[in-house]
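Under the numbering used here, think of the first position of the sequence shown as 159, with each following residue one higher.
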Amino acid sequence: MKHYIIVKFSETVQEKAALYPEIETLFKKAEKIEGIHRVSFYPSVIDLPNRYDFMILLEMERGALPVFDASDIHRDWKSKYGSLLSAKTIFDCD
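Structure (structure tokens):
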């Protein structure tokens, strides 16, 4: 399945692009979790107030989702970056 995480930073975040490499590095670690095949990171190419800032795509087996949700990666994502976000959309599909 494909697990999309689509993210918008809060207006207080000034240097969005400076955060992209560390967020991508954090999520790339998920490729070591059994059942997660690939992690892709896509920054937005348009910087407008009504647009999201980046998208993460995890391609995985369905059974890997609860493992990812319980992982240190997911915990670190929420604790370190959660306060910097104004919106987040999660979408799963085959």
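Backbone N, C-alpha and C fix where the C-beta goes; we use that ideal spot for every residue, glycine too.
- Residue pairing by DSSP places E217 opposite K160 and R196 in a beta bridge.
- Around the CB of K160, fewer than 16 other CB atoms lie within 10 Å, so the residue is classed as exposed.
- DSSP places L223 inside the alpha helix (DSSP H), whose first and last residues are A222 to D227.
- Assignment of D234 by DSSP, reduced to helix, strand and coil, places it in the helix class.
- Counting only the Cα atoms, A188 lies some 30 angstroms from L206.
- The three-state secondary structure of T183, taken from DSSP, is helix.
- Nearest in C-alpha terms to S198, of all of G221, L216, V171 and F212, is L216.
- For H195, the closest of A222, Y162, P201 and L177 by C-alpha to C-alpha distance is A222.
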